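Down below is the structure, laid out as structure tokens.
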Amino acid sequence: MSEVFSIESIDNEARGIAHREGKAIFVQGALPGELVEANIIRKKPSYEVARTEKILRPSFMRVEPKCPNYGVCGGCAMQHLEPSAQVAVKQRTLEDNFKHIGRITIPHVLPAIHGPSWGYRFRARLSVRYVRKKEAALVGFRERKGSYVVDMHECLVLPPRVSNLLTPLRELIAALSIREEIPQIEVAMGDEELVLCLRHMKPFSAEDLRRLDAFATEHGIIWWLQPKGLDTIAPMHAEDENRLSYSLPQFGLRMHFKPSDFTQVNYHINRTLIAKALSLLGVEANDRVADLFCGLGNFTLPLATQAREVVGIEGSNTLTARALEAARAHGLADKTDFSTLNLFEVDVQWLRDLGYFDRMLIDPPREGAFAVAKALAALKAEERPKRIVYVSCNPATLARDADVLVHQGGYRLISAGVVNMFPHTAHVESIAVFEWHPGDVIPEVVTEADTETGE
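Quick note: the sequence shown, position 301, residue 301 per the working numbering, numbers continuous.
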């Protein structure tokens with residue numbers, strides 16, 4: 001039985017929020033200010049989830065979803081919300097996390113970093129399923145809150161070159177001898193080349209390989225194959241090993257990568273983000289800079305074009321080796337130093353042993369950089385980087401780490417803002433700036449031992 005709800009606000013998953021007798025109702029597909037008719041689909045003691053069935057009074061922020069798969073596909077959650085309003089929701093999510101987790105109010109909100117709203121996703125993992133009853137293959141994203149593959153023939157957040165391949169890929173998979181043993185296709189697109197990496201549970205037949213070659217020739221793609229774990233990924237033809245790359249023209253750089261390497265999904269935003277991060281960091285020619293969680297050197301090499309020395313640290317030997325190779329190719333090896341280390345298990349002594357850094361860039365995965373923040377907070381005044389720029393893909397862990405830097409370390413949060421890396425999704429990327437001023441007082445940190453002894 002449906003109910004009528006008046007939507008008061010929106011959460012970070014783009015669900016409208018209403019209340020019934022004080023209980024929160026999260027309404028999928030509803031926007032603030034709307035009056036909707038919805039059915040309850042999940043009940044919990046403290047909240048309920050509903051799905052919109054009919055909009056009785058629409059919001060001025062509502063737009064018609066552009067993608068035919070919207071509502072079924074789990075890839076996007078916000079296509080019914082006007083793009084600038086999507087960014088506003090993400091900004092509020094960032095501010096709420098700083099307030100409730102970090103106990104900090106953002107002093108200056110940075111203008112949001114925008115890019116194209118469509119055709120932006122240069123990296124993707126497509127699920128594959130062969131349906132025996134229909135004698136057909138499905139290739140695409142999974143359904144929202146489900147394990148089924150969406151019956152899709154186009155995806156508007158993928159570049160047209162990739163979207164246009166969905167139907168031909170379905171036909172190709174259905175024609176292979178091991179059609180039921182292919183669970184996914186990784187998409188990795190560079191500035192020029194497009195790689196499709198096939199995960200296959202059984203070996204391909206000679207006829208399968210012939211079909212793959214013919215498909216590659218017809219559609220201008222490169223095949224990589226993955227028979228087992230990530231360490232088995234290799235190009236179908238050895239000469240295709242080093243053809244993937246993306247450019248950073250403002251720094252005169254070209255970054256080569258493998259399909260299994262981490263790179264940003266949105267190249268347009270990545271270029272803008274790098275320029276913004278370096279501008280906020282305020283690098284000077286004689287600075288020594290740390291780039292933590294450096295990956296392929298996405299920030300390290302641009303930093304090396306401006307600073308005296310850049311130290312890049314990453315948890316993967318493969319990535320640091322690739323970063324060093326890129327530094328050598330660009331004549332920056334004498335200004336960069338790369339090492340491999342688990343940055344989730346570091347301490348203040350490790351940081352001291354690295355020597356003094358004028359500035360630091362931190363770009364961690366979703367888990368954040370808690371150990372690094374604790375180490376920074378424990379440094380003496382004269383040992384501290386003057387400025388830290390923190391690039392985040394999780395506002396909750398950013399806020400947690402900011403709490404440590406500010407309330408334990410005495411750093412000042414100067415500014416923060418969102419980066420719309422994934423338009424139409426609820427994913428929130430952001431950037432924050434922290435400063436240490438000589439003369440600032442380092443807070444006295446009460447340790448667990450102090451608490452236990454009553455000191």
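Built from N, CA and C at the ideal position, the CB exists for glycine as well.
Quantities reported herein were computed from a predicted structural model and do not represent experimental measurements.
Query raised in the report: DSSP three-state call for Thr272: helix, strand or coil?
Result: helix
Report task. Please list, in chain order, all residues of the same chain as His330 whose beta carbon is under 7 Å from its beta carbon, the five residues on each side excluded. Result -> Leu253, Leu301
Report task. Could you name the residues that DSSP lists as bridge partners for Val4? Result -> Glu37
Query raised in the report: Do three or more CB pairs link the stretch 388 to 407 to the stretch 129 to 140 at distances below 8 Å?
Result: no
Requested in this report: Can you tell me which of the three DSSP states Val157 falls into?
Outcome: coil
Query raised in the report: Going by DSSP, what residues sit across from Ile431 in a beta bridge?
Result: Val391, Gly417
Query - Alpha carbon of Ala277 to alpha carbon of Val289, nearest angstrom - result: 13 Å
Query - Host alpha helix (DSSP H) of Asp353 (start-end) - result: 348 to 353
**Report entry** Between the CA atoms of Arg412 and Glu444 - distance to the nearest angstrom
**Finding:** 16 Å
Query raised in the report: Tell me, which residues are paired with Ile313 by DSSP?
Result: Leu292, Ser339
Report task. Give me the Cα-Cα distance between Ala323 and Gly190, rounded to the nearest whole angstrom. Result -> 17 Å
Requested in this report: Could you have a look at Thr52 and say whether DSSP puts it in helix, strand or coil?
Outcome: strand
Query raised in the report: When burial is assigned at 16 or more other CB atoms within 10 Å of the CB, is Phe459 buried or exposed?
Result: This structure gives no information on residue 459, because the portion of the chain shown stretches from 1 to 455.
Requested in this report: Please report how far the alpha carbon of Glu180 lies from the alpha carbon of Gly74, in whole angstroms.
Outcome: 23 Å
**Report entry** Given Leu359 as reference, the closest of Gly71, Pro65, Pro235, Val389 once Cα atoms are compared
**Finding:** For the record, residue 359 in the displayed sequence is Arg; it is not Leu. Closest by alpha carbon: Val389.
Query - Of the residues Phe370, Val36, Pro423, Ala38, the one placed nearest Val406, counting alpha carbons only - result: Phe370
Query raised in the report: Using 8 Å as the threshold, is the stretch 72 to 88 in touch with the stretch 144 to 157, meaning 3 or more CB pairs across them?
Result: yes
Query raised in the report: When DSSP labels each residue in this structure, what does Ile173 get in the three-state scheme?
Result: helix
Query raised in the report: So, helix, strand or coil for Glu456, using DSSP?
Result: The structure shown does not extend to residue 456, since the chain is modelled only from 1 through 455, so no value can be given for it.
Query raised in the report: Beta carbon of Gly355: closer than 7 Å to some heavy atom of the ligand FAD?
Result: Summarising the ligand content, the structure contains no ligands, and the ligand FAD is consequently not present.
Query - Buried versus exposed call for Asn286 [16 or more other C-beta atoms within 10 Å across all chains shown] - result: exposed
Query - Strand pairing of Val109, partner residues [DSSP] - result: Ala416
**Report entry** the stretch 157 to 177 touching the stretch 204 to 220, judged by at least three CB pairs closer than 8 Å
**Finding:** yes
**Report entry** Alpha-carbon to alpha-carbon, Pro32 and Leu56
**Finding:** 13 Å
Query raised in the report: Are the Cβ atoms of Asp363 and Leu319 separated by less than 8 Å?
Result: no
Requested in this report: Compare the C-alpha of Gln408 against each of Leu376, Arg387, Leu158 and name the closest.
Outcome: Leu376
Report task. Please state if the CB of His19 and the CB of Ile10 are separated by a distance shorter than 8 Å. Result -> no
Query raised in the report: For Pro235, which of Glu48, Val195, Glu21 has the nearest alpha-carbon?
Result: Val195
Query raised in the report: For Ala206 versus Cys197, is the C-beta distance shorter than 8 Å?
Result: no
Query raised in the report: Taking Cβ to Cβ, would you say Val63 is nearer than 8 Å to Glu82?
Result: yes
Query raised in the report: Mapping DSSP to helix, strand and coil, what is Pro83?
Result: helix
Requested in this report: Using alpha carbons as the reference points, say which of Glu3, Ala175, Glu367, Val87 lies closest to Pro111.
Outcome: Val87
**Report entry** Short Cβ contact (8 Å threshold) for Lys44 with Leu156
**Finding:** no
Query raised in the report: For Phe60, which option in Asp347, Gly119, Ser84 has the closest C-alpha, if you only look at C-alpha atoms?
Result: Ser84
Report task. Assign Leu341 to buried or exposed, taking buried as 16 or more other Cβ atoms, counted over all protein chains shown, within 10 Å of its Cβ. Result -> exposed
Query raised in the report: Does DSSP classify Glu455 as helix, strand or coil?
Result: Its pLDDT being 34, under 50, Glu455 is placed unreliably by the model, and the measurement read from it follows with that caveat. In this structure, Glu455 counts as coil in the three-state DSSP scheme.
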